[in-house]
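Count along the sequence shown starting at 1, add 59, and that's the number in the working numbering.
Backbone N, C-alpha and C define an ideal beta-carbon position, used for all residues, glycine too.
Read the structure below first, then the notes.
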Amino acid sequence: MVDDFTRECLGLVADTSLSGLRVTRELDTIIASRGRPISCVSDNGTELTSSAVLRWCQATGVEWQYIAPGKPQQNAFVGSFHGRLRDECLNETLFTSLRHARQVLNAWQKDYNTIRPHSALKGMTPADFAKHTPRQLQSEAVALPVALTANNGHPSTSGLQL
Numbered sequence: 060m061v062d063d064f065t066r067e068c069l070g071l072v073a074d075t076s077l078s079g080l081r082v083t084r085e086l087d088t089i090i091a092s093r094g095r096p097i098s099c100v101s102d103n104g105t106e107l108t109s110s111a112v113l114r115w116c117q118a119t120g121v122e123w124q125y126i127a128p129g130k131p132q133q134n135a136f137v138g139s140f141h142g143r144l145r146d147e148c149l150n151e152t153l154f155t156s157l158r159h160a161r162q163v164l165n166a167w168q169k170d171y172n173t174i175r176p177h178s179a180l181k182g183m184t185p186a187d188f189a190k191h192t193p194r195q196l197q198s199e200a201v202a203l204p205v206a207l208t209a210n211n212g213h214p215s216t217s218g219l220q221l
């Protein structure tokens, strides 16, 4: 899951499968520490169109926007993020266990958020950008993309992309 405004990777989940219920639990965990997004943007994967996600949206008041089928350019930032994750981490690592995958993804996420500067953030890391951007400005952003990287699929208080 990626915050579209700060560019922070808020969650990388490694598991044998991801259900809609699991997605909502991960979103609840992020919301507990970051606040509720205005909206989430995702593709039309079965885990994201499930009744669990629909119930979660009703319960939380978070708007969910689906991109048009076959139109990944409508979620281009997430597509770019997925490509970077695949090229720099997933394609370079032979995972020996689920635990190993979680450790590698956690290290990559930390590097992505705190070490590497982003040109879209004027050379700041996503974590530094989030620290130096008033929460009010973040909450006024339109959508927070939440990106699910499993099955070929990024929270601040603005929006999430999946």
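Check                                                                                                                                : Outcome
Taking Cβ to Cβ, would you say residue 134 is nearer than 8 Å to residue 68?                                                         : no
Exposed or buried, what is residue 213 when buried is set at 16 or more other beta-carbons lying within 10 Å of its beta-carbon?     : Per-residue confidence for residue 213 stands at a pLDDT of 35, beneath the threshold of 50, marking its modelled position as unreliable; the derived number appears in the next sentence. Residue 213 is buried by the Cβ-count criterion.
By DSSP's criteria, residue 122 is part of a beta bridge. Which residues make up the other side?                                     : 98
If we ignore side chains and look at the alpha-carbon of each, how far apart do residue 119 and residue 190 end up?                  : 25 Å
For my contact list, residue 145 and residue 73 are in at a C-beta cut-off of 8 Å; report their separation, rounded to the angstrom. : The Cβ separation is near 14 Å, so there is no contact.
Bridge partners of residue 177, per DSSP?                                                                                            : 183
So what does DSSP say about residue 103, is it helix, strand or coil?                                                                : coil
Residue range of the alpha helix (DSSP H) that residue 91 falls in?                                                                  : 79-93
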